[in-house]
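Numbering (this note's numbering), first residue to last: 7 to 149.
Ideal placement from N, C-alpha and C gives every residue a C-beta, glycine not left out.
Below is one structure, written out as structure tokens, with a few remarks after it.
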């Protein structure tokens, strides 16, 4: 099961996206602001981050910049209710994989999820103090 960080201060949008992700077999971790998103990223392994561009305490771009330092391979989709050319360019320059305008199109989200989750490695599995990439299950010998 893939794990998705879903950071958006808009409860309706977050709940709607969470229902879609759950329906498609994803585990989601909700965050309502930048601080909560950063905490989750520091304490949980995720396969994808979906970040609202405008959130309290810094916005999604600040989370994206932090992700690029700590987890450079993590795919990130940006959400926004007010996309401008400048905001799109800033997000792509910072390393965003894609953009989701609000209200989010079910078809676009499904398409981007399929692209991201089939072209990127799954999140590593924590096995003691070692991270194992791929299909390893905790408690198995992968050597």
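Tell me whether residue 87 sits in a helix, a strand or coil according to DSSP, three-state version.
Your numbering for residue 87 matches position 81 in the chain shown. Note: residue 87 maps to coil in three-state DSSP.
Could you pull out every residue in the same chain whose Cβ sits closer than 6 angstroms to the Cβ of residue 123, ignoring the five residues on either side in sequence?
Start at 1 with the first residue of the chain shown, and residue 123 comes out as number 117. So the list reads 8, once near-sequence residues are dropped.
Spatial neighbours of residue 97 in its chain, beta-carbon cut-off 6 angstroms, leaving aside the 5 residues before and after:
Locating residue 97 in the chain shown gives position 91, counting from the first residue. Result list for residue 97: 84, in chain order.
Residue 20 versus 119, 117, 110, 114, residue with shortest Cα-Cα distance:
The residue you call residue 20 lines up with position 14 of the chain shown. Ranked by Cα distance from residue 20, the first of 119, 117, 110, 114 is 110.
Would you say residue 70 and residue 31 are within 8 angstroms of each other, going by their C-beta atoms?
Position 64 of the chain shown, counted from the start, is the residue given in the question as residue 70. Position 25 of the chain shown, counted from the start, is the residue given in the question as residue 31. No, Cβ-Cβ distance for residue 70 and residue 31 is not below 8 angstroms.
Just the C-alpha distance for residue 61 and residue 73, rounded to the nearest angstrom, thanks.
If you number the chain shown from 1, residue 61 lands on position 55. If you number the chain shown from 1, residue 73 lands on position 67. Computed Cα separation, rounded: 16 angstroms.
I believe residue 89 touches residue 107 by the beta-carbon criterion, under 8 angstroms. Please report the beta-carbon distance rounded to the nearest angstrom.
As a first step, residue 89 is located in the chain shown; it is residue number 83 there, counting from the start. As a first step, residue 107 is located in the chain shown; it is residue number 101 there, counting from the start. With 8 angstroms as the limit, residue 89 and residue 107 qualify as a contact, their Cβ atoms being about 5 angstroms apart.
Any heavy atom of the ligand SAM within a distance shorter than 7 angstroms of the CB on residue 36?
Of the ligands one can find in the structure shown there are none, so the ligand SAM has no counterpart to examine.
Report the three-state DSSP secondary structure of residue 128 (helix, strand or coil).
The residue labelled residue 128 in the question sits at position 122 within the chain shown. The pLDDT assigned to residue 128 is 49, lower than 50, so where the model puts this residue is not dependable; a value taken from the coordinates is nonetheless given after this. In this structure, residue 128 counts as coil in the three-state DSSP scheme.
Measure the alpha-carbon distance for residue 42 versus residue 115 and round it to whole angstroms.
Walking along the chain shown from the start, residue 42 turns up at place 36. Walking along the chain shown from the start, residue 115 turns up at place 109. Cα to Cα, the separation comes out at about 23 angstroms.
Just tell me which of 81, 94, 68 has its CA closest to the CA of residue 125.
Start at 1 with the first residue of the chain shown, and residue 125 comes out as number 119. Minimum Cα distance to residue 125 is reached at 81.
Are the CB atoms of residue 35 and residue 12 within a distance shorter than 8 angstroms?
Looking up residue 12 in the chain shown gives position 6. Looking up residue 35 in the chain shown gives position 29. It is a contact, given that the beta carbons lie within the stated cut-off.
Buried or exposed for residue 27, going by 16 or more other Cβ atoms inside 10 Å?
The residue labelled residue 27 in the question sits at position 21 within the chain shown. Its Cβ being crowded by 16 or more others within 10 Å, residue 27 is buried.
Roughly how many angstroms separate the alpha carbons of residue 65 and residue 25, rounded to a whole number?
On the chain shown, residue 65 is found 59 positions in, with the first residue counted as 1. On the chain shown, residue 25 is found 19 positions in, with the first residue counted as 1. Residue 65 and residue 25 have their C-alpha atoms roughly 23 angstroms apart.
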